[in-house]
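>
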Amino acid sequence: MVDLSTTIGGLTLANPIMPGSGTFGEGMAGIIDLNRLGAIVTKTITRDIREGNPPPRVAELRASTLFSIGIPSKGLEHYINELVPFYRPYRAPLVASVSANTVEEFAELAADISVPGVAAIEANVSCPNLKKDGQAFGMDVQATLEVTRAMKAATHVPIWVKLTPNVGDIAAVARAAQAGGADALVVANAMLAMAIDVETFKPRVANLMGGITGNATKPISLRMAYQCVQAVSIPVIGCGGISTAADALEYLLAGCRAVQVGTANFVSPNAMPDILRDLEAYCQRRGIERITEVIGALKAYETHELELNAAL
Amino acid sequence: MLCDVISNEWVNAEYKHLVLHAPPIALTARPGQFFHLACPASGEDQPYLRRPMSLYRVDPAGRRVEFLYKVQGVGTRGLATLAPGSVLDIMGPVGRGFTLPAPCRHALIVARGVGLATMAPLAEFAAAQGAAVTAILSARAPDLVMSVDYLQASGARVLAVHDTDGSSDIDRLEALVRGLHERQPVDFLATCGSNRLLRLVQKLGAEWQVAGQVALEQNMGCALGMCFACVKPFLKTPGSSQTSYRRVCWDGPVFNVQETVSW
Numbered sequence: 013m014v015d016l017s018t019t020i021g022g023l024t025l026a027n028p029i030m031p032g033s034g035t036f037g038e039g040m041a042g043i044i045d046l047n048r049l050g051a052i053v054t055k056t057i058t059r060d061i062r063e064g065n066p067p068p069r070v071a072e073l074r075a076s077t078l079f080s081i082g083i084p085s086k087g088l089e090h091y092i093n094e095l096v097p098f099y100r101p102y103r104a105p106l107v108a109s110v111s112a113n114t115v116e117e118f119a120e121l122a123a124d125i126s127v128p129g130v131a132a133i134e135a136n137v138s139c140p141n142l143k144k145d146g147q148a149f150g151m152d153v154q155a156t157l158e159v160t161r162a163m164k165a166a167t168h169v170p171i172w173v174k175l176t177p178n179v180g181d182i183a184a185v186a187r188a189a190q191a192g193g194a195d196a197l198v199v200a201n202a203m204l205a206m207a208i209d210v211e212t213f214k215p216r217v218a219n220l221m222g223g224i225t226g227n228a229t230k231p232i233s234l235r236m237a238y239q240c241v242q243a244v245s246i247p248v249i250g251c252g253g254i255s256t257a258a259d260a261l262e263y264l265l266a267g268c269r270a271v272q273v274g275t276a277n278f279v280s281p282n283a284m285p286d287i288l289r290d291l292e293a294y295c296q297r298r299g300i301e302r303i304t305e306v307i308g309a310l311k312a313y314e315t316h317e318l319e320l321n322a323a324l
Numbered sequence: 156m157l158c159d160v161i162s163n164e165w166v167n168a169e170y171k172h173l174v175l176h177a178p179p180i181a182l183t184a185r186p187g188q189f190f191h192l193a194c195p196a197s198g199e200d201q202p203y204l205r206r207p208m209s210l211y212r213v214d215p216a217g218r219r220v221e222f223l224y225k226v227q228g229v230g231t232r233g234l235a236t237l238a239p240g241s242v243l244d245i246m247g248p249v250g251r252g253f254t255l256p257a258p259c260r261h262a263l264i265v266a267r268g269v270g271l272a273t274m275a276p277l278a279e280f281a282a283a284q285g286a287a288v289t290a291i292l293s294a295r296a297p298d299l300v301m302s303v304d305y306l307q308a309s310g311a312r313v314l315a316v317h318d319t320d321g322s323s324d325i326d327r328l329e330a331l332v333r334g335l336h337e338r339q340p341v342d343f344l345a346t347c348g349s350n351r352l353l354r355l356v357q358k359l360g361a362e363w364q365v366a367g368q369v370a371l372e373q374n375m376g377c378a379l380g381m382c383f384a385c386v387k388p389f390l391k392t393p394g395s396s397q398t399s400y401r402r403v404c405w406d407g408p409v410f411n412v413q414e415t416v417s418w
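Just so you know, the protein sequences line up as chains A and B, in that order.
Our numbering puts the last residue of the first sequence at 324; the count rises by one with no breaks.
Our numbering puts the last residue of the second sequence at 418; the count rises by one with no breaks.
(1) If we cut at 9 Å on Cβ distances, does GLN201/B have a partner in chain A?
(2) Measure the alpha-carbon distance for PHE190/B versus MET246/B and round it to whole angstroms.
(3) Please list the partners that ASN277/A has in chain B, where partner means a Cβ-to-Cβ separation under 8 Å.
(4) Short check: CB of SER309/B to CB of ALA278/B, under 9 Å?
(5) Which class does PRO297/B belong to by DSSP, given the choice of helix, strand or coil?
(6) By the three-class DSSP mapping on this structure, what secondary structure does TYR203/B have?
(7) For chain B, find out if any of its Cβ atoms is closer than 9 Å to the Cβ of PRO68/A; answer yes or no.
(8) Tell me the rounded alpha-carbon separation between ASP124/A and GLY192/A.
(9) Short check: CB of PHE118/A to CB of CYS382/B, under 9 Å?
(10) Could you pull out every residue in the same chain whose Cβ sits closer than 7 Å to the Cβ of ARG110/B, ignoring the five residues on either side in sequence?
(11) Hey, quick one: how far does the alpha helix (DSSP H) through PHE98/A stretch, first residue to last?
(12) Within its chain, find whatever has a CB closer than 7 Å to the CB of ALA235/B; leave out the 5 residues flanking it on each side and keep chain order.
(13) Can you check DSSP and say which residues form a bridge with LEU401/B?
(14) Return no unless some Cβ of chain B is closer than 9 Å to the Cβ of ALA75/A.
(15) Please report the straight-line C-alpha distance between ILE325/A and THR275/A, rounded to a whole angstrom.
(16) If distances are taken between C-alpha atoms only, which option among PRO178/B, LEU255/B, ARG185/B comes closest to CYS158/B?
(17) May I ask you to verify whether the region 96-113 of chain A touches the region 247-255 of chain A, counting CB pairs closer than 8 Å and requiring at least 3?
(18) Skipping 5 residues on each side, what residues in its chain have a beta carbon closer than 8 Å to that of THR77/A?
(19) Comparing C-alpha positions only, which one of ARG338/B, LEU223/B, ARG295/B, VAL269/B sits nearest to SER323/B?
(20) Check whether chain B comes within 9 Å of ALA71/A, counting only Cβ atoms and requiring the distance to be less than that.
(21) Looking at C-beta atoms only, is the number of pairs between the region 27-34 of chain A and the region 324-341 of chain B that lie closer than 8 Å three or more?
(22) Would you say VAL386/B faces chain A, with C-beta separation under 9 Å as the test?
(23) Which term fits GLN296/A, buried or exposed, when burial requires 16 or more other beta carbons within 10 angstroms of its beta carbon?
(24) So the candidates are VAL365/B, LYS387/B, GLY380/B; which of them puts its Cα closest to the Cα of GLU372/B?
(25) Quick one: residues in its chain with C-beta nearer than 8 Å to the C-beta of VAL241/A, no 5 flanking neighbours on either side, listed in chain order?
(26) Does DSSP put HIS168/A in a helix, in a strand, or in coil?
(27) For a quick check, are the C-beta atoms of PHE222/B and LEU192/B less than 9 Å apart?
(28) Does the Cβ-Cβ distance between PHE36/A and GLY222/A come in under 9 Å?
(29) As an exercise, report each continuous beta strand (DSSP E) stretch of at least 3 residues that is fully enclosed by the region 228-269 of chain A, in chain order.
(30) Between which two residues does the beta strand (DSSP E) holding ARG302/A run?
(31) How about the region 304-318 of chain B and the region 354-371 of chain B: do they share at least three Cβ pairs that are nearer than 8 Å?
(32) DSSP puts GLU134/A in a beta bridge; with which residues?
(33) Using only CA atoms, which one of TRP418/B, VAL416/B, PHE410/B, GLU414/B lies nearest to GLY250/B?
(34) Here's the rule I'm using: 16 or more other beta-carbon atoms within 10 Å means buried, otherwise exposed. How should HIS316/A be labelled?
(35) Alpha carbon to alpha carbon, how far is ALA186/A from GLY187/B?
(36) Inspect the beta-carbon positions of PRO408/B and PRO207/B and report whether they are closer than 9 Å.
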């Protein structure tokens, strides 16, 4: 029996596998056993009810997808009255993803969503589809610091900050979130991207730009997750292009304490249970008793190896 | 769910008919529901997401589900390569199918093009419930009118109209439907595959105070109501001036025609 449990701050997860926000919902409860998940991360909500972006909202790319959904939200009341009770019977801790327009609104929403049954709050400061040209709070170091600090002051529920990959120096943003008191980071949200239909001359998602997700994006998100692990001491949760146990293991080896599975849930609703099964088989094959043994176990090339390979 | 392919034959120059050996859960599919298919890669085509495909026929006794599809894109070109004995990964049934009034005495089905496939199981279902079923099948040309034998065997009266002789013209169609209603009052209208037909059904349904439903298509991500990619605008209530997005996969794909925004 392999011990797959991991910790994210004060929160113990039965295993490191959880869905990425926006790629999971009540519909999954009829397909997979939610009790097997390390955590349940719900789709981002805003306080108010929002319709989201006009369709078309999705385009298929090579080994990836372009989504421009724009955070349609049924609002805070629906979340507290419907979703929190819906997920209460399940063992996996519930993580509520939230977004807002201002620092103050982020803080107020964090306070109001801190109801029994919500184990952590994920601050979506990084959705590329809300503002013009994909601008987001998470693209600014100071704004990230202020949002995180305000949310921490507003609630005792742990705050996970989901970073955007659409920055030059993600380590600086990671440090800002840590300085603001973040309990963990999620690295990363979708990369801002676009695609054009050469027959119609129109953008393939109506919002012009969207977020590219899926397998093809994994090496970039992995690199950023690794850079964040190096930059901060709080836990980092890896997210981006994970569809197999090997994908998840790459993030764990890079130092992530857990991972989020996103677009793969659309390709196969069984992706997360399959990853868990294969993760356990991997550990058994390698004689690994605890999954925490692989966290951060990346072996960089040592100086003498590099010297041996160097062209002198 | 992995399903064995029993057959996958061309029915005309554009459409293929896929028959799968299906597990019990798939055999619970109801008219208007769909499956999410992991279409295989073929040549340059590498489908990444699944493709929604409406149910054409379910045969619980024979443990089969069937699809009728137009070969036209990355996903369906992949489907077209499936040979008997190969395997297809399907998820479903998903979505909300048709709801017949109880009792239903005369169901009128008006479908065009690829919409024919979606309507065939509804005709079979309505006829099995004891309703008289009239199916008007509209196509570009006579050789693209499909499913006539299947529908007639189900007990439906089939009227085929097409563009080549002008019989599919919307005004002629309206006169035809009005005549049918005069002879035997229609108490359920269903449509799929054409914006003009949707508008006709909306107009006649409102005039006759008869329930009408439409099966819609949309590009999808997950088919489980999670990703919110497949939304279309709908009237909040019939006659409302306010619209709101609904998910075709989860809130549909079958909707009240009086809440549907024509396109």
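Where is the CB? At the ideal position from N, CA and C, for every residue including glycine.
On the basis of the supplied data:
(1) Taking the second sequence and counting its residues from 1, the one referred to as residue 201/B is at position 46. For GLN201/B, the answer is yes, since a Cβ of chain A falls inside 9 Å of its Cβ.
(2) Taking the first residue of the second sequence as position 1, residue 190/B is located at position 35. Taking the first residue of the second sequence as position 1, residue 246/B is located at position 91. The C-alpha of MET246/B is placed about 6 Å away from the C-alpha of PHE190/B.
(3) Here residue 277/A refers to the residue found at position 265 when the first sequence is read from its first residue. The CB of ASN277/A comes closer than 8 Å to the CB of CYS377, MET381 in chain B, given here in chain order.
(4) By one-based count along the second sequence, residue 309/B stands at place 154. By one-based count along the second sequence, residue 278/B stands at place 123. Between SER309/B and ALA278/B, the C-beta gap is smaller than 9 Å, which places the two residues in contact.
(5) Here residue 297/B refers to the residue found at position 142 when the second sequence is read from its first residue. The answer is helix: DSSP assigns PRO297/B an H, G or I state.
(6) Walking along the second sequence from the start, residue 203/B turns up at place 48. TYR203/B falls in the coil class under three-state DSSP.
(7) Looking up residue 68/A in the first sequence gives position 56. Closer than 9 Å: yes.
(8) For this step, residue 124/A is matched to residue 112 along the first sequence. For this step, residue 192/A is matched to residue 180 along the first sequence. Approximately 20 Å between the Cα atoms of the pair.
(9) To locate residue 118/A, count along the first sequence from 1; it is residue 106. To locate residue 382/B, count along the second sequence from 1; it is residue 227. No, these two residues do not count as a Cβ contact at 9 Å.
(10) Only positions 156 to 418 of chain B appear in the structure, and residue 110/B is not among them; the question remains open.
(11) The residue labelled residue 98/A in the question sits at position 86 within the first sequence. Counting along the chain, the alpha helix (DSSP H) containing PHE98/A begins and ends at 96-99.
(12) Position 80 of the second sequence, counted from the start, is the residue given in the question as residue 235/B. In its chain, beyond the 5 residues on either side, LYS171, VAL226 have a beta carbon closer than 7 Å to the beta carbon of ALA235/B.
(13) As a position in the second sequence, residue 401/B is number 246, starting the count at 1. Reading off the sequence, residue 401/B comes out as Arg, not Leu. Partner residues in the beta bridge of ARG401/B, as assigned by DSSP, are LYS387/B.
(14) Within the first sequence, numbered from 1, the residue matching residue 75/A stands at position 63. Output row for ALA75/A: interface = yes.
(15) There is simply no residue 325/A to check, as chain A begins at 13 and stops at 324 in what is shown.
(16) Start at 1 with the first residue of the second sequence, and residue 158/B comes out as number 3. Considering only PRO178/B, LEU255/B, ARG185/B, the residue with the shortest C-alpha distance to CYS158/B is PRO178/B.
(17) Cβ pair count under 8 Å is below three, so no.
(18) Within the first sequence, numbered from 1, the residue matching residue 77/A stands at position 65. Around THR77/A: VAL70, ALA71, ILE224, THR225, GLY226, THR275, PHE278.
(19) On the second sequence, position 168 is the one that residue 323/B refers to. The residue from ARG338/B, LEU223/B, ARG295/B, VAL269/B with its alpha-carbon nearest to that of SER323/B is ARG295/B.
(20) As a position in the first sequence, residue 71/A is number 59, starting the count at 1. Contact with chain B is found for ALA71/A, since one of that chain's Cβ atoms lies less than 9 Å from the residue's Cβ.
(21) Output reads no: the region 324-341 of chain B does not touch the region 27-34 of chain A.
(22) Locating residue 386/B in the second sequence gives position 231, where the first residue counts as 1. At a cut-off of 9 Å, the C-beta of VAL386/B has a neighbouring C-beta in chain A.
(23) Counting from one through the first sequence, the residue named residue 296/A turns up at place 284. GLN296/A should be labelled exposed.
(24) Start at 1 with the first residue of the second sequence, and residue 372/B comes out as number 217. If we check each option's Cα against that of GLU372/B, LYS387/B comes out closest.
(25) Start at 1 with the first residue of the first sequence, and residue 241/A comes out as number 229. The beta carbon of VAL241/A is closer than 8 Å to those of VAL248, ALA266, GLY267, CYS268, GLY308 in its chain, skipping five residues each way along the sequence.
(26) By one-based count along the first sequence, residue 168/A stands at place 156. Shown here, HIS168/A sits in coil according to DSSP, grouped into three states, outside any helix or strand.
(27) Along the second sequence, one-based indexing puts residue 222/B at 67. Along the second sequence, one-based indexing puts residue 192/B at 37. Yes, the Cβ-Cβ distance between PHE222/B and LEU192/B is below 9 Å.
(28) To locate residue 36/A, count along the first sequence from 1; it is residue 24. To locate residue 222/A, count along the first sequence from 1; it is residue 210. Going by C-beta atoms, PHE36/A is not nearer than 9 Å to GLY222/A.
(29) Unbroken beta strand (DSSP E) runs of no fewer than 3 residues, entirely contained in the region 228-269 of chain A, are found at 248-251, following chain order.
(30) Numbered from 1 along the first sequence, position 290 holds the residue referred to as residue 302/A. For ARG302/A, there is no enclosing beta strand (DSSP E), as DSSP gives it neither H nor E.
(31) Output reads no: the region 354-371 of chain B does not touch the region 304-318 of chain B.
(32) Your numbering for residue 134/A matches position 122 in the first sequence. DSSP, once it has assigned bridges, lists SER109/A, TRP172/A as partnering GLU134/A.
(33) In the second sequence, the residue the question calls residue 250/B occupies position 95. Taking the Cα of GLY250/B as reference, the smallest distance to any Cα among TRP418/B, VAL416/B, PHE410/B, GLU414/B is reached at PHE410/B.
(34) On the first sequence, residue 316/A is found 304 positions in, with the first residue counted as 1. By the neighbour-count definition (other C-beta atoms within 10 Å, threshold 16), HIS316/A is an exposed residue.
(35) As a position in the first sequence, residue 186/A is number 174, starting the count at 1. As a position in the second sequence, residue 187/B is number 32, starting the count at 1. Straight across, the Cα-Cα distance linking ALA186/A with GLY187/B is about 48 Å.
(36) On the second sequence, position 253 is the one that residue 408/B refers to. On the second sequence, position 52 is the one that residue 207/B refers to. In contact: PRO408/B and PRO207/B (Cβ atoms closer than 9 Å).
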